[in-house]
Structure formats: structure tokens, C-alpha cells
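>
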Amino acid sequence: MELEIYEYNAEGYKPLLAFEAWRVAMLNWTDRFDKLTKLERHLLTDEVFVLLDGEATLYIGEKAVPTVMEKNKVYNVKKAVWHAITTSRDAHVLVVENDNTSMVNSEYLEL
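To convert, note that position 9 of the sequence shown is 8 in numbering that gives the first Met the number 0; the numbers rise steadily by one, no gaps.
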């Protein structure tokens with residue numbers, strides 16, 4: 000097929016497609032993204048966030064410095080940087096990262 004179209008409107012994070020080394024996912028509100036409870040970092044990949052709708056805040060570094068996201072801007076969290084995201088209930092965030100990103104090559108820090 001020459002064109003594939005994907006959408007995801009349910010709660011949470013869902014990978015939609017992968018090609019070679021990268022994947023594209025959607026991140027929609029779920030109670031996990033209601034408040035800041037833990038940080039994560041991916042040891043093998045940068046992670047890109049694009050706010051499409053609603054409101055979202057990225058928290059960067061061990062001190063969880065907040066950055067309020069603006070729609071249609073690309074936010075690239077560099078490899079091995081602690082980060083987290085919170086969202087409004089109507090938020091839709093596009094996420095791009097390496098396809099092999101998983102708990103095996105990521106670390107988590109409970110706050």
C-alpha cells in the first residue's frame with residue numbers, strides 16, 4: 000500500500016507505526032499523565048514530543064524543570080536526559096523515538 004493512515008483517540012500511549020529504527024506513537028491523557036510521579040530516561044534514543052491539541056508540560060532533568068509546551072512545536076529530549084510529561088484531559092501528543100525503546104534500555108526514578 001502506498002499510503003497508510005493511523006489515528007488513536009483512546010487514553011494513554013500507543014505506538015502507531017514503526018519503520019526501520021524509529022517509531023511514531025500518540026500519547027493521550029490518562030491518569031498516569033495527571034501529575035508528576037516519576038521521571039524516565041532512555042539510554043539509546045532522543046525522544047521527540049509535538050503537542051497537537053490540549054495542554055502539556057514537559058519536566059526536564061533530575062530537578063524536573065517544567066516547560067509548558069506550545070502546539071505544533073517540536074520538543075526533542077536528548078538521550079539519557081531525565082524527563083516526564085503531564086497533560087490535560089483533551090491533550091494529544093505525537094511522540095517519535097527509536098523503535099527499540101523499552102524498559103530494558105530505559106531507567107525510571109520515582110519522585
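Beta carbons are placed, not taken as given, at the ideal position from N, Cα and C, and that holds for glycine. All figures in this text were calculated on a predicted structure; none of them were measured in a lab.
#1: When DSSP builds the beta bridges, which residues end up paired with A83?
#2: Suppose you measure from the CA of L93 to the CA of L38; what does that come to, to the nearest Å?
#3: On the criterion of 16 or more Cβ atoms from any shown chain inside 10 Å, does R88 qualify as buried, or is it exposed?
#4: Please report how far the alpha carbon of K78 lies from the alpha carbon of S101, in whole angstroms.
#5: From G53 to I59, what distance separates their C-alpha atoms?
#6: Which term fits M0, buried or exposed, when burial requires 16 or more other beta carbons within 10 angstroms of its beta carbon?
#7: Per the contact definition of three or more C-beta pairs closer than 8 Å, is the segment 4-22 in contact with the segment 64-77?
This is what the structure holds:
#1: Start at 1 with the first residue of the sequence shown, and residue 83 comes out as number 84. According to DSSP, which records beta bridges pairwise, A83 is partnered with Y58.
#2: Start at 1 with the first residue of the sequence shown, and residue 93 comes out as number 94. Start at 1 with the first residue of the sequence shown, and residue 38 comes out as number 39. Taking the straight line from one Cα to the other gives about 19 Å.
#3: Counting from 1 along the sequence shown, the entry for residue 88 is found at position 89. R88 is exposed by the Cβ-count criterion.
#4: Indexing the sequence shown from 1 puts residue 78 at position 79. Indexing the sequence shown from 1 puts residue 101 at position 102. One C-alpha to the other measures close to 13 Å.
#5: Position 54 of the sequence shown, counted from the start, is the residue given in the question as residue 53. Position 60 of the sequence shown, counted from the start, is the residue given in the question as residue 59. Taking the straight line from one Cα to the other gives about 20 Å.
#6: Within the sequence shown, numbered from 1, the residue matching residue 0 stands at position 1. When all chains shown are included, M0 counts as exposed.
#7: no
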